[in-house]
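2 protein chains.
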Amino acid sequence: MSSGTLDSLWLDSLAAATRTMRSSAIRDLLKLTEQPHMISFAGGLPAPQCFPSEELAAASERVLVNQPLAALQYGPTEGYAPLREFLAARMAGQGVPVPSAQLIVTSGSQQALDLLGKLLIDEGAPVLVEEPTYLGALQAWRPYRPQFIGLPMDEQGLRTDALEQQLQRGPRPRFLYTVSSFQNPTGVTMSRARREELIALAARYGLPIIEDDPYGELRYSGERPPTLAALDIAVHGELRHVVYLSTFSKTLAPGLRVGWAALPEALTTRFVQAKQGMDLHTSSLGQAIAYEVSRDGLLDRHTPSIIATYRERRDTMLEALAAQMPAGVRWTRPEGGMFLWLTLPEGCDGAELLARAVEQQVAFVPGATFFANGGSENTARLNFSYPSVERIREGIARLARAL
Amino acid sequence: MSSGTLDSLWLDSLAAATRTMRSSAIRDLLKLTEQPHMISFAGGLPAPQCFPSEELAAASERVLVNQPLAALQYGPTEGYAPLREFLAARMAGQGVPVPSAQLIVTSGSQQALDLLGKLLIDEGAPVLVEEPTYLGALQAWRPYRPQFIGLPMDEQGLRTDALEQQLQRGPRPRFLYTVSSFQNPTGVTMSRARREELIALAARYGLPIIEDDPYGELRYSGERPPTLAALDIAVHGELRHVVYLSTFSKTLAPGLRVGWAALPEALTTRFVQAKQGMDLHTSSLGQAIAYEVSRDGLLDRHTPSIIATYRERRDTMLEALAAQMPAGVRWTRPEGGMFLWLTLPEGCDGAELLARAVEQQVAFVPGATFFANGGSENTARLNFSYPSVERIREGIARLARAL
Numbered sequence: 001m002s003s004g005t006l007d008s009l010w011l012d013s014l015a016a017a018t019r020t021m022r023s024s025a026i027r028d029l030l031k032l033t034e035q036p037h038m039i040s041f042a043g044g045l046p047a048p049q050c051f052p053s054e055e056l057a058a059a060s061e062r063v064l065v066n067q068p069l070a071a072l073q074y075g076p077t078e079g080y081a082p083l084r085e086f087l088a089a090r091m092a093g094q095g096v097p098v099p100s101a102q103l104i105v106t107s108g109s110q111q112a113l114d115l116l117g118k119l120l121i122d123e124g125a126p127v128l129v130e131e132p133t134y135l136g137a138l139q140a141w142r143p144y145r146p147q148f149i150g151l152p153m154d155e156q157g158l159r160t161d162a163l164e165q166q167l168q169r170g171p172r173p174r175f176l177y178t179v180s181s182f183q184n185p186t187g188v189t190m191s192r193a194r195r196e197e198l199i200a201l202a203a204r205y206g207l208p209i210i211e212d213d214p215y216g217e218l219r220y221s222g223e224r225p226p227t228l229a230a231l232d233i234a235v236h237g238e239l240r241h242v243v244y245l246s247t248f249s250k251t252l253a254p255g256l257r258v259g260w261a262a263l264p265e266a267l268t269t270r271f272v273q274a275k276q277g278m279d280l281h282t283s284s285l286g287q288a289i290a291y292e293v294s295r296d297g298l299l300d301r302h303t304p305s306i307i308a309t310y311r312e313r314r315d316t317m318l319e320a321l322a323a324q325m326p327a328g329v330r331w332t333r334p335e336g337g338m339f340l341w342l343t344l345p346e347g348c349d350g351a352e353l354l355a356r357a358v359e360q361q362v363a364f365v366p367g368a369t370f371f372a373n374g375g376s377e378n379t380a381r382l383n384f385s386y387p388s389v390e391r392i393r394e395g396i397a398r399l400a401r402a403l
Numbered sequence: 404m405s406s407g408t409l410d411s412l413w414l415d416s417l418a419a420a421t422r423t424m425r426s427s428a429i430r431d432l433l434k435l436t437e438q439p440h441m442i443s444f445a446g447g448l449p450a451p452q453c454f455p456s457e458e459l460a461a462a463s464e465r466v467l468v469n470q471p472l473a474a475l476q477y478g479p480t481e482g483y484a485p486l487r488e489f490l491a492a493r494m495a496g497q498g499v500p501v502p503s504a505q506l507i508v509t510s511g512s513q514q515a516l517d518l519l520g521k522l523l524i525d526e527g528a529p530v531l532v533e534e535p536t537y538l539g540a541l542q543a544w545r546p547y548r549p550q551f552i553g554l555p556m557d558e559q560g561l562r563t564d565a566l567e568q569q570l571q572r573g574p575r576p577r578f579l580y581t582v583s584s585f586q587n588p589t590g591v592t593m594s595r596a597r598r599e600e601l602i603a604l605a606a607r608y609g610l611p612i613i614e615d616d617p618y619g620e621l622r623y624s625g626e627r628p629p630t631l632a633a634l635d636i637a638v639h640g641e642l643r644h645v646v647y648l649s650t651f652s653k654t655l656a657p658g659l660r661v662g663w664a665a666l667p668e669a670l671t672t673r674f675v676q677a678k679q680g681m682d683l684h685t686s687s688l689g690q691a692i693a694y695e696v697s698r699d700g701l702l703d704r705h706t707p708s709i710i711a712t713y714r715e716r717r718d719t720m721l722e723a724l725a726a727q728m729p730a731g732v733r734w735t736r737p738e739g740g741m742f743l744w745l746t747l748p749e750g751c752d753g754a755e756l757l758a759r760a761v762e763q764q765v766a767f768v769p770g771a772t773f774f775a776n777g778g779s780e781n782t783a784r785l786n787f788s789y790p791s792v793e794r795i796r797e798g799i800a801r802l803a804r805a806l
């Protein structure tokens with residue numbers, strides 16, 4: 001009766017790009033590691049104790065009682081105007097003066113990544129990424145089928161010498177993507193010198209840059225370097241080479257799904273047009289709540305308590321690693337953020353280690369996942385923001401046993 | 404110094420598809436018609452008086468106080484499990500029994516449209532749409548560059564005879580898109596006979612269907628026909644040819660940005676994978692609030708008051724049109740939803756009429772906007788859900804003067 005069987009009906013309709021989609025290994029793992037006895041360094045979750053729940057509840061009530069329309073009606077694609085003005089003022093105070101007209105609210109930074117992929121990637125187009133890089137960016141962009149070109153990093157971040165060689169060799173990349181501070185997955189921060197070099201290269205070679213900065217405010221030690229966006233503006237008087245992304249997910253709560261993009265003027269209209277087709281606009285309620293607590297100064301009051309909690313957890317993990325890890329294992333010492341990066345002896349396989357670790361009731365993400373084109377099997381990403389200090393100590397001991 | 408000028412830097416990086424993007428004429432108009440003296444039939448906004456603000460405020464407080472994690476932490480891409488189970492039970496009660504595993508929460512139905520475009524459209528792929536059709540669908544899909552093929556409608560909805568001719572002629576379309584009840588923009592509902600014919604054609608030709616049903620619960624007169632999803636399940640014992648989309652935007656509030664998709668099993672995993680790359684998941688807070696008020700029975704208690712308000716507005720607009728419109732102007736008589744469709748005498752131009760109407764302080768959307776491939780300039784979409792009955796009467800009088 002039917003010429004299309006159940007299986008072929010929809011498969012015949014799939015776009016070519018759809019066939020390359022993969023589920024996020026991290027999120028699949030998260031499902032696997034939800035048992036209470038498992039100590040998971042695999043996720044990328046903020047500590048729930050750090051959510052300012054009471055302030056958010058109070059703000060939600062104020063907003064829904066006093067300004068129900070702002071929270072419940074359709075809103076402008078660009079975002080809630082008072083929130084955009086707040087963000088403009090806050091970024092200006094951080095050395096990134098951008099007109100609120102170029103600040104667009106997004107449904108988390110993840111939507112901004114997907115949106116930029118839609119705007120900037122054609123099939124086969126070269127896209128430069130750090131090796132390793134944020135898995136969610138790879139996942140957002142793979143459906144657009146770019147040619148990912150990985151650039152090496154060291155303890156100062158992206159190797160700008162390797163970048164320049166790549167730019168000289170060509171082909172012209174559509175953009176370079178970097179998580180400039182406390183990178184996910186390595187925890188490494190690009191040094192000030194490298195940032196200046198990168199902005200100079202961007203001007204010399206006409207290189208667009210996407211700077212993803214979700215963790216910038218979560219610094220536990222060391223000095224905060226200027227963002228690439230700030231350096232770009234310092235050189236050109238306006239945002240020119242850099243699209244800057246950030247989010248409330250790490251400072252307020254990820255469940256709000258509210259992030260933002262600061263955009264060069266030349267890209268803003270198209271960014272808004274693309275967003276309109278993607279979800280009309282970001283949750284009005286989430287935006288109104290984010291604004292309500294922000295104008296009340298909550299970010300500055302609350303962030304220090306997040307920093308204190310995560311600093312203790314980072315320090316605990318670093319101490320436990322130093323005490324427990326066998327010789328030949330190395331790790332990064334992040335000055336902020338949520339992750340550190342383990343390098344196992346050459347020949348060790350992170351995926352095999354994970355299997356043994358799960359037997360010991362501890363989990364992490366094998367590092368190869370974070371390489372656009374594979375490789376570096378002897379690496380692992382460990383999250384220290386979610387587990388308690390007790391569980392970090394116990395988890396690292398279990399990991400040492402698995403090793 | 405710089406080899407890339409400001410203008411060429413980002414323009415050189417644009418994806419080919421980006422160049423075809425257009426801003427939504429409706430949303431641009433909305434900005435134009437925000438002056439208080441303007442009576443706007445142009446928007447597609449629910450009446451703010453119909454938002455259950457107090458219940459949503461109370462639910463938000465309960466959720467944030469009692470279950471802050473469900474509302475604030477990262478959540479599963481598929482959606483908040485209790486909400487998905489509620490939706491499964493509710494849809495089963497409406498003759499659409501779908502396992503909750505195949506019900507995926509989306510950031511409004513607009514995200515589901517973008518997502519299905521990403522999954523199913525390659526450049527040049529044929530996509531069947533009603534003429535006219537929902538502008539947001541065209542806007543979501545244009546970046547994927549399909550070949551839109553328009554199918555005619557009459558007062559019974561999509562003309563299935565024209566569809567069958569098209570299917571016989573080929574090429575095989577990736578899918579057919581229909582707003583089956585109280586269509587945006589025409590207000591027309593597909594008759595039961597046409598629905599049965601469409602589901603039979605889908606089986607005969609292996610045709611995937613996207614049924615977009617945001618207004619289905621807002622019926623003011625007549626009898627509710629089964630959804631295409633219900634008929635598909637009745638024939639095949641499971642959802643096979645139909646992806647069914649709906650939303651809380653018209654029954655609770657659009658600012659929550661919570662919709663859902665009921666999917667054939669064969670498509671569900673890929674749908675979730677694509678959503679993961681697009682925004683990780685829909686706002687946890689919005690989902691938790693939607694669930695909290697829904698399990699409390701608010702939908703069934705509250706929807707009748709929306710229906711009463713909109714029925715009076717629809718009736719007022721129909722009466723005013725009958726009293727005021729000159730001979731030669733025709734309009735649809737929607738049994739629900741938010742829009743009706745005006746057909747002006749042959750040779751009249753909706754865009755020209757709009758210019759004169761704006762002088763008279765009344766606005767609408769020229770109908771040509773809703774045709775994938777243009778044409779039908781002598782049409783207009785009027786919204787009756789947002790303006791009060793007084794403003795509807797006055798606005799139609801102004802429109803008659805403009806004519």
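One line per chain: the protein sequences are E and V, in this order. Per this note's numbering, the first sequence starts with residue 1, numbered consecutively. Per this note's numbering, the second sequence starts with residue 404, numbered consecutively. Ideal Cβ positions, reconstructed from N, Cα and C, are used throughout, including at glycine.
### Query
Terminal residues of the continuous beta strand (DSSP E) containing Phe551/V?
By one-based count along the second sequence, residue 551/V stands at place 148. First-last of the beta strand (DSSP E) with Phe551/V: Gln550 to Asp557.
### Task
Look at Ser246/E and Asp213/E and say whether their C-beta atoms are less than 7 Å apart.
Translated into positions along the first sequence, residue 246/E becomes position 246. Translated into positions along the first sequence, residue 213/E becomes position 213. Contact: yes.
### Query
Helix, strand or coil: how does DSSP classify Leu806/V here?
In the second sequence, the residue the question calls residue 806/V occupies position 403. Coil, per DSSP.
### Query
If you measure from the beta carbon of Trp663/V to each beta carbon in chain E, is any gap under 7 Å?
Stepping through the second sequence from its first residue, residue 663/V is reached at position 260. Output row for Trp663/V: interface = no.
#### Entry: Reduced DSSP category for Gly560/V - H, G, I as helix; E, B as strand; rest coil
Along the second sequence, one-based indexing puts residue 560/V at 157. If DSSP states are grouped into helix, strand and coil, Gly560/V belongs with the strands.
### Query
Since Arg194/E is in the alpha helix (DSSP H), which residue starts that stretch and which ends it?
Against the first sequence, residue 194/E aligns to sequence position 194. Residues Arg192 to Tyr205.
#### Entry: Tyr647/V in three-state terms, based on DSSP
Here residue 647/V refers to the residue found at position 244 of the second sequence. In the structure shown, Tyr647/V sits in a strand (DSSP, three-state: E or B).
### Task
Output yes if chain V places a C-beta closer than 7 Å to the C-beta of Gly286/E; else output no.
Position 286 of the first sequence, counting from 1, holds the residue named residue 286/E. Answer yes: the Cβ-Cβ gap between Gly286/E and chain V drops below 7 Å somewhere.
### Task
Indicate whether at least one CB of chain V lies closer than 7 Å to the CB of Met278/E.
Translated into the one-based positions of the first sequence, residue 278/E becomes position 278. True, the Cβ-Cβ gap to chain V drops below 7 Å.
### Query
Using DSSP with H/G/I as helix, E/B as strand and the rest coil, what is Gly4/E?
Here residue 4/E refers to the residue found at position 4 when the first sequence is read from its first residue. Residue confidence is low: Gly4/E scores 42 on pLDDT, short of 50, so the model does not pin down where it sits. Its coordinate-derived value is still stated next. In this structure, Gly4/E counts as coil in the three-state DSSP scheme.
### CB contact below 7 Å: Leu566/V versus chain E
To locate residue 566/V, count along the second sequence from 1; it is residue 163. No, because no Cβ of chain E sits closer than 7 Å to the Cβ of Leu566/V.
### Query
Any idea if Ala253/E is buried or exposed, counting beta-carbon neighbours within 10 angstroms, 16 or more meaning buried?
The count along the first sequence starts at 1 and reaches residue 253/E at position 253. Per the 10 Å Cβ criterion, buried.
### Query
Residues of chain A with a CB under 8 Å from the CB of Lys118/E: which are they?
Here chain A cannot be found, since the structure's protein chains are E and V.
### Message
If contact is defined by three or more beta carbon pairs under 8 Å, each pair taking one atom from either stretch, is the region 196-213 of chain E in contact with the region 143-152 of chain E?
### Response
no
### Message
By the three-class DSSP mapping on this structure, what secondary structure does Ser181/E have?
### Response
As a working mapping, residue 181/E is identified with position 181 in the first sequence. Ser181/E: coil per DSSP, three-state reduction.
### Whole-Å CB distance - Gly770/V paired with Thr782/V, under 8 Å assumed
Working through the second sequence from its first residue, we reach residue 770/V at position 367. Working through the second sequence from its first residue, we reach residue 782/V at position 379. The Cβ separation is near 3 Å, so the contact holds.
### Buried/exposed call for His241/E, threshold 16 Cβ in 10 Å
Here residue 241/E refers to the residue found at position 241 of the first sequence. That one is buried.
### Contacts that Glu196/E makes with chain V (C-beta to C-beta distance below 7 Å)
In the first sequence, the residue the question calls residue 196/E occupies position 196. Neighbours of Glu196/E on chain V: none; closest Cβ ~15 Å, over 7 Å.
### Message
So, under 8 Å CB-CB, Val501/V and Leu642/V are touching, yes? Tell me the CB distance rounded to an integer number of Å.
### Response
Your numbering for residue 501/V matches position 98 in the second sequence. Your numbering for residue 642/V matches position 239 in the second sequence. Contact holds; Cβ gap of about 6 Å.
### Query
Taking DSSP as the reference, what is the three-state secondary structure of Val499/V?
In the second sequence, the residue the question calls residue 499/V occupies position 96. It is coil, neither helix nor strand.
### Query
Are Pro52/E and His302/E touching if we call contact CB-CB under 7 Å?
Along the first sequence, read from residue 1 onward, the residue named residue 52/E stands at position 52. Along the first sequence, read from residue 1 onward, the residue named residue 302/E stands at position 302. Closer than 7 Å, so yes.
### Query
Which same chain residues, not among the five before or five after Leu516/V, have their C-beta less than 6 Å away from its C-beta?
Translated into positions along the second sequence, residue 516/V becomes position 113. If we look at Leu516/V and ignore the five residues flanking it on each side, its Cβ neighbours are Ala540 and Ala543.
### Query
To which residues of the same chain is Glu217/E closer than 7 Å at the C-beta, ignoring the five residues directly before and after it?
Working through the first sequence from its first residue, we reach residue 217/E at position 217. Contacts found: Thr251 and Thr303.
### Message
Can you confirm whether the region 79-98 of chain E touches the region 308-325 of chain E when touching is taken to mean that 3 or more C-beta pairs between the two stretches lie within less than 8 Å?
### Response
no
### Task
Buried or exposed for Asn66/E, please, with buried defined as at least 16 other CB atoms from any protein chain shown within 10 angstroms of its CB.
Within the first sequence, numbered from 1, the residue matching residue 66/E stands at position 66. The residue is exposed, with fewer than 16 neighbouring Cβ atoms inside 10 Å.
### Query
Quick one: Cα of Leu412/V to Cα of Arg733/V, how far?
Taking the first residue of the second sequence as position 1, residue 412/V is located at position 9. Taking the first residue of the second sequence as position 1, residue 733/V is located at position 330. Cα-Cα distance, rounded: 51 Å.
### Message
Applying the 10 Å Cβ sphere with the 16-neighbour rule, what's the burial state of His281/E?
### Response
Taking the first residue of the first sequence as position 1, residue 281/E is located at position 281. That one is buried.
### Query
To the nearest angstrom, how far is it from the Cα of Ser708/V to the Cα of Ser687/V?
The residue given as residue 708/V occupies position 305 in the second sequence. The residue given as residue 687/V occupies position 284 in the second sequence. Taking the straight line from one Cα to the other gives about 27 Å.
#### Entry: Bridge-paired residues (DSSP) for Asp212/E
Numbered from 1 along the first sequence, position 212 holds the residue referred to as residue 212/E. Val179/E and Leu245/E.
### Message
Quick check: the Cα distance between Leu747/V and Arg736/V, rounded to an integer number of angstroms?
### Response
Here residue 747/V corresponds to residue number 344 of the second sequence, with the count starting at 1. Here residue 736/V corresponds to residue number 333 of the second sequence, with the count starting at 1. Rounded to the nearest angstrom, the two C-alpha atoms are 15 Å apart.
### Message
Check for me: the beta strand (DSSP E) holding Gly662/V runs from which residue to which?
### Response
For the purposes of this step, residue 662/V is identified with residue 259 of the second sequence, where counting begins at 1. Gly662 to Ala665 is the span of the beta strand (DSSP E), which, as asked, contains Gly662/V.
### Query
Can you list, in chain order, the residues of its chain whose CB lies under 8 Å from that of Ser416/V, leaving out five sequence neighbours each side?
The residue you call residue 416/V lines up with position 13 of the second sequence. Result list for Ser416/V: empty, nothing under 8 Å.
### Query
In chain E, which residues lie less than 7 Å from Ala474/V when you measure between Cβ atoms?
Counting from 1 along the second sequence, the entry for residue 474/V is found at position 71. The contacting residues are Gly255.
### Message
Please list, in chain order, the chain E residues whose beta carbon lies closer than 7 Å to that of Val468/V.
### Response
In the second sequence, residue 468/V corresponds to position 65, counting from 1. Under the 7 Å cutoff, chain E gives Ala57.
### Message
What does the alpha-carbon distance come out to for the pair Thr408/V and Leu486/V?
### Response
Within the second sequence, the letter at position 5 stands for residue 408/V. Within the second sequence, the letter at position 83 stands for residue 486/V. Its pLDDT being 47, under 50, Thr408/V is placed unreliably in this model, and the value from its coordinates should be taken loosely. Their backbone Cα atoms lie some 50 Å apart in a straight line.
### Task
Give, in chain order, every residue of the region 35-52 of chain E whose Cβ lies closer than 7 Å to some Cβ of chain V.
Leu45, Pro48 and Phe51
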